[in-house]
Every structure is written in structure tokens, then in C-alpha cells.
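Enquirer:
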Amino acid sequence: MKKIAYFLPLVSFLAQAAPSPTHRPVFFEETGVPKMVEPELKTPEKSTALSTPQISLNESDSMQTKLEKLINYGVVNQQWGLLKKLLPLYHAQFDHDATLYRYARGAMLRAERQYVEAISLYQQIVNEKPELAYPRFDLGVMLFENKQYRQAKAELERAIPDLSPQMQGLAQRYLQEMKKRQGWQVDAELQYTQTDNVNNASDQREIILGGLRFQKDEESLPQKAHGFRYGFGLNREVNVAGNHFVSFNSYFNGVHYWDNQDYSEKSLYGALGYRYRSALQSFGLMPFFEQNWLGSPRYSKNYGVTANFHRELTALWSISGSLSHAQKRYAESNVARRHNGYINGASLSFSYQAKPNCLIFGGLEGSLDRSKDKAETSTRVGGNIGSVWEIKDFVTRVSLRYVKRNFQAENFYFPEKKRQDKEYSFNATVWHNKLQWKGFIPKLNYRYRKIDSNIPEFYSRKSGEFFISIEKNF
């Protein structure tokens, strides 16, 4: 099989591929609303192609031989447009080499991200000619890219003994990366924070109820607080067969205010479920449980299920979405009597890689928050838009969000009104990729939130804060 001797490994090693985004808990005020995860810039693939042989066509060569040389040249140089024209001509040759045809067509389909058909063609090659180590190596890498880790591991381990020392090292790197991706993933964050409205209060001092004028005391007005936010996550996904995974996500986070500890919060979240993952898409179903604390005592617990999906539409466009159902239960009987109930939520978002250093994203969200007290039952509908920019080593991420919230029944204090809120938020983060220590990256953040309510005496409020966070993925 001298034709196969021209073949070189085609795929590049993506050792730093970004992990799929996972659901993290939110504090009790927003529990149940699907979390809109801001996407990250996609790092361009770096080719590890070996030296490229030159093509040599002789006039004495037959048409089939010329086509074979051109096909080898197209494969090695990744000239997929050329191959698309050559392969039908070659396939029409009476005595064409089926192995060469499958190898070249599989490489072209892999470049076009048609993994199922590409893997099938390479599987046919190694089934018919099990002694061919390099097509088996390429099959293993395609399976790796398509998230079929168990099968990829088997093919790479079988190919290693017949590979060159250089290629054996590359195969070992793939095996190590698969082990790493299926191991325990740890991430942590710590940030200093200060806020001028820790109690989410309206700054309107006077309230008129039933024709009577009341003056708020200082504790009912916005209060300042200083402290730090913290978080620790432990996650794992294990490939059990094909594209099927068992997924576990957990997170413990909170905020501690040393000068206003009654408003310190903690949240413990855990989820165990199923996820399907391939090169272009993923979806999963994750039952979860969440416990929240406000101050020292337990405040609420939530349990339910989240279904989410992600799909790469093209090399530049992607779409993701989620559906969730959460039962909410409050610890204090007075609160539980009014607020126990459930939340159904949905979100849909898009991202577009406008340039190698610029990502634009946006989405829609909605939720139904049903409580025992109809005056506390509400619907939320909103959207967000944002971008990520990388200029040299500086990275900036900004996002805007708007949500309109309508309540079902008349308010307790103002029987003639149904509460309506308009929520605005702005988030900005900036960091420098080289300003880090052992993987710990400091980031400067600003967060602003404003709520305009038709009952401003109680529900209109705003808050803004600058803070520095330190993050690391282990």
C-alpha cells in the first residue's frame, strides 16, 4: 500500500479546549431563573502538521496515478475545495483504491465538521486493514473531537505500538487529555465587594398609606456593606458509552459582609444527571438541589430539574438554551405561607464570533414565579446583549440586561395596584492575561442594577459596586 505512505496525521491537538459551560447556583432572590452564561472567545486551532511533501506529476503517469498524487497533495495541504472536485473523478475510475478514497473523503468531511460520516469511513478502513496504524490514529483523534472518549482511547492505544516515536508522544497527549477531561474539575473564586444597598431597599423616605404619611426609619433605607464573595466548584463528566455521559455538578458560594452580617448569604448546589456530548452539540437533563442561607439560619431550599442544550450552527454562530422547573420552600412559616411555590424558567441565547478577538452574544429569557400568595406570583420576560473583546493581552467583557416583571394580583399595601417592575443591569469586567500568579487571575469588575417599580415606596431601588475578583480553574 505505497499510496498510504503519503498520508500524514491531519488533526490538531486542542489541549486547551474550553470546557462546556455548567449550571451554577444563584442567590435565593433569582433562584429558578435559568442562568445566562456569557460565552468565551474561541481560541483558534493551532496546527501541528508535519512537513509537507511536494507534488511531482509526470507526463507518463496514468490518469489514475495523477489523481492519486493530487489527492495525497490535497489531503496533506488541507485543500478541501480541490478534493471536492477530485474525489468524484477518482471514484469513477474503474480500479480506484477504496482505502485512499475513504481516507481522503473522511478527512474532507472532518474538516466540514461532518463527524458521523467521517468516522464511519475511517472505521471501514481499519476494519478492512487493521495493520494501518496512521488511519487508526486519525480515527482515534476524530473520536476524541466528537467526545467519544472510550472509543477514542481504545483506537489510540491500539495504534501506538506501530507509530513513530514522535506520533507516539502525540497519541499519549490525547490519552492524557481525555483522562484530564473526565477527572474532577475544580474552580474557585474570591473577590472583595462593597455595596451601597445591601438590603435592596427603596431610597424613598416617605410612604403614604390610606391617606396617612409615614417616615421610614434608617434601617428601612439603603444600607452600605463591605465584604467578600467566594465560591468553590467541583464538577465531573464521565463518558460511559458513545456520546453519553454521567454528569455531576456542585458549587458552594456566598458573600460575607463583615460590617452587616445579617445580609451575608451562602448557597450550596448539587446536580447529578445525564448529558449527551458531540463535537457540535450537547444536551442534558440534570435534577438538582439547592440550600440557601441568609445571615446564619437557613432561608430557603429549592429542588427541581434543568434541561439545557448547546449547538454549534457554524464555525462562527452558536445557540444554547435551557428549561427549568424549581420547587421553592422557605424555612420561616410566615414567609413560607406566602412564598412557597414553584418557578418555571426558559432561556435562549446566541453568540457570534465577529472577529478572532471579538465575540458578540445576546439572548432572551422568561420565567413564571408562582407563589401561594397571588400578589407575589409574577412573570418575568427580558433579554440581554454583550460582547467580549481581546486586544493584545487585555480582555474586556460587558453585558446589558433588561427584564420586565408583572405581578398577578393587587399589592397588599396598595390594593388598587398590581405591581410592575422594570429591571436594568450592567456588568463589566477587565483583566490582563499576563497579570496572573500560578493561574490565579485578578479581574476588575463593575456591577450596576436598577429597578423601577410602579410602587416605588417599597420596590424601586438601585445599587452599584466595583470589586476585584481572583479566579482559577484547576
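Numbered according to mature numbering (1 follows the signal peptide of the UniProt record, and there is no 0), the sequence shown spans residues -17 to -1, 1 to 457. We put the CB at the ideal spot given by N, CA and C, even for glycine.
Under the assumption that Arg432 contacts Lys445 (Cβ atoms under 8 Å), give the Cβ distance between them as a whole number of angstroms.
Expert: Indeed, because the Cβ distance is near 7 Å, the residues count as touching under 8 Å.
Enquirer: Indicate whether the contact test is met: 3 or more Cβ pairs, each with one atom in the segment 307 to 316 and one in the segment 282 to 289, closer than 8 Å.
Expert: The segment 307 to 316, when compared against the segment 282 to 289, does touch it at the 8 Å Cβ threshold.
Enquirer: In whole angstroms, what separates the C-alpha of Asn182 from that of Trp241?
Expert: The alpha-carbon atoms of Asn182 and Trp241 are separated by roughly 15 Å.
Enquirer: May I have a chain-ordered list of the beta strand (DSSP E) segments no shorter than 3 residues that lie completely inside the segment 224 to 285?
Expert: Qualifying beta strand (DSSP E) stretches, in chain order: 227 to 240, 248 to 260 and 264 to 277.
Enquirer: What are the start and end residues of each continuous beta strand (DSSP E) run of 3 or more residues lying completely inside the segment 329 to 373, in chain order?
Expert: Those beta strand (DSSP E) runs which fall completely within the segment 329 to 373 and span 3+ residues are 341 to 354.
Enquirer: Counting along the chain, where does the alpha helix (DSSP H) carrying residue 483 start and finish?
Expert: Lying outside -17 to 457, the shown extent of the chain, residue 483 is not represented and no answer is given.
Enquirer: Residues in the same chain with beta-carbon distance under 6 Å from Asn410, minus the five sequence neighbours each way, listed in chain order, please.
Expert: Only Ser382 and Arg430 meet the Cβ criterion.
Enquirer: Please report the straight-line C-alpha distance between Met125 and Arg93, rounded to a whole angstrom.
Expert: One C-alpha to the other measures close to 8 Å.
Enquirer: Mark Gln244 as exposed unless 16 or more other C-beta atoms lie within 10 angstroms of its C-beta, in which case mark it buried.
Expert: Exposed is the call here.
Enquirer: Where does Pro439 sit, in a helix, a strand or coil, going by DSSP?
Expert: In the structure shown, Pro439 sits in a helix (DSSP, three-state: H, G or I).
Enquirer: Between which two residues does the beta strand (DSSP E) harbouring Asp404 extend?
Expert: Note, Asp404: beta strand (DSSP E), Lys401 to His415.
Enquirer: Is the beta carbon of Ala171 less than 8 Å from the beta carbon of Gly237?
Expert: No. Outside cutoff.
Enquirer: Would you decide whether Ile374 is buried or exposed? Buried here means 16 or more other CB atoms lie within 10 Å of its CB.
Expert: It is exposed - the Cβ of Ile374 has fewer than 16 other Cβ atoms within 10 Å.
Enquirer: DSSP puts Arg320 in a beta bridge; with which residues?
Expert: None; Arg320 has no bridge partner.
Enquirer: Considering just the uninterrupted stretch of the alpha helix (DSSP H) at Ala298, what are its terminal residues?
Expert: Careful: Ala298 lies outside any alpha helix (DSSP H) and carries neither H nor E.
Enquirer: Below 8 Å on the Cβ atoms is my contact criterion, and I expect Tyr257 with Val229 to pass it. Report the Cβ-Cβ distance as a whole number of Å.
Expert: With 8 Å as the limit, Tyr257 and Val229 qualify as a contact, their Cβ atoms being about 7 Å apart.
Enquirer: Alpha carbon to alpha carbon, what distance is there between Ala254 and Asn110?
Expert: Approximately 40 Å, taken between the alpha carbons.
Enquirer: To the nearest angstrom, how far is the alpha carbon of Leu65 from that of Glu95?
Expert: The alpha-carbon atoms of Leu65 and Glu95 are separated by roughly 14 Å.
Enquirer: Have a look at the DSSP bridge pairing and note the partners of residue 462.
Expert: Lying outside -17 to 457, the shown extent of the chain, residue 462 is not represented and no answer is given.
Enquirer: Can you give me the C-alpha to C-alpha distance between Glu128 and Asp121, rounded to a whole angstrom?
Expert: Using only the alpha carbons, I get a separation of about 11 Å.
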